[in-house]
Amino acid sequence: MMKTILIDDEPLARSLVREYLEAFPHIQIVEECNDGFEGLKAVTQHQPDLIFLDVQMPKINGFEMLELLDQPPAVIFTTAFDEFAIKAFEAHAIDYLLKPFSQERFNKAVEKWQQQKDQAELIKNTQALLQTASTAPDRQDRIVVKIGTKIRIIPEPDILFLEADDDYIKVYTPDGAFLKSKTMSYFENSLDPKKFIRVHRSYMLQIGQITRIEPYEKDSHVAILKNGAKVPVSRSGYAKLKQVLGL
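Going from the sequence shown to my numbering is simple: count from 1 and add 735.
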């Protein structure tokens with residue numbers, strides 16, 4: 736018996752998947768979830784073989800949910816997400832179903848998953864999917880992090896600065912620092928460039944948090960933020976700051 740979870744905020748959409756899955760009696764639905772919070776908890780608890788996942792949901796979206804999982808299961812997207820955007824990651828997904836979809840199209844997606852027996856390949860595909868999605872040009876106005884079993888949503892105004900920390904990014908806020916398994920390039924592409932600027936190979940800051948810029952060492956400076964934090968600024972970063980600030 737294979738386990739699956741349906742994660743979609745639309746009850747009718749889940750009902751349709753439930754109906755279509757009747758053609759696959761060896762696949763058991765162990766839980767249905769209304770959003771990414773519920774989905775994260777259910778996936779962690781049940782360790783399903785496959786999930787049917789919507790992209791656009793309240794609280795946290797499908798991609799944010801997958802990012803918070805240590806070992807994401809195989810994913811078939813069931814989404815009304817624009818087909819053009821989907822093409823950016825379809826090469827790595829098990830499959831995607833663009834709503835509304837037929838029983839025939841659904842069957843093809845499930846059969847495609849069944850043909851991929853190699854679990855390592857499934858994990859590789861899912862990780863590649865997340866990597867591809869992370870380079871998409873869509874802007875974000877928040878950062879979602881996992882702290883133990885809890886999820887914290889950090890809104891854009893609370894992001895003071897970012898610091899590269901080995902394979903993670905340390906997100907500094909008024910309430911402390913939080914780790915996110917991403918790259919600086921990811922945030923450079925996803926955060927609003929009118930509000931955030933990369934001032935150093937290892938640092939990015941919110942422009943509105945700067946109170947002053949002081950010389951530091953040869954060809955380098957330091958940005959002093961409103962909370963007193965000091966962020967290193969490289970020579971190229973200083974040039975970008977002068978341009979943005981009109982200095």
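Beta carbons: idealized from backbone N, C-alpha and C, even for Gly.
With 16 or more neighbouring CB atoms inside 10 Å of its own CB, Gln941 falls in the buried class. A straight-line Cα-Cα distance of about 42 Å links Glu898 and Met737. Here Asn796 is buried, its C-beta having at least 16 other C-beta atoms within 10 Å. Counting along the chain, the unbroken alpha helix (DSSP H) around His781 starts and ends at 771 to 781. The C-beta separation of Leu960 from Ile945 comes to about 6 Å, placing the pair in contact by the 8 Å criterion.
Secondary structure note for Lys977: it is in no beta strand (DSSP E), and the uninterrupted alpha helix (DSSP H) holding it is 970 to 980. Bounds of the beta strand (DSSP E) holding Arg933 are 931 to 935.
Ala777 counts as buried, since no fewer than 16 other beta carbons sit within 10 angstroms of its beta carbon.
By the Cβ-count criterion, Thr884 is exposed, with fewer than 16 other Cβ atoms from all chains shown falling within 10 Å of its own Cβ. Just so you know, the alpha carbons of Met939 and Val845 end up roughly 42 Å apart. Residue state for Leu833 is assigned as strand, using DSSP reduced to three classes. Non-local beta-carbon contacts of Gln875 in its own chain, meaning distances under 6 Å to residues more than five positions away in sequence, involve Ser925 in chain order. With contact defined as three or more Cβ pairs closer than 8 Å, the stretch 803 to 819 and the stretch 763 to 770 are not in contact.
Within its own chain, the residues whose Cβ lies closer than 7 Å to the Cβ of Val968, once the five positions on either side in sequence are excluded, are Val934, His935, Ile948, Ser955, His956, Val957, Ala958, Leu976, listed in chain order. Comparing alpha-carbon positions, the option among Arg749, Leu803, Pro760 lying closest to Phe772 turns out to be Leu803.
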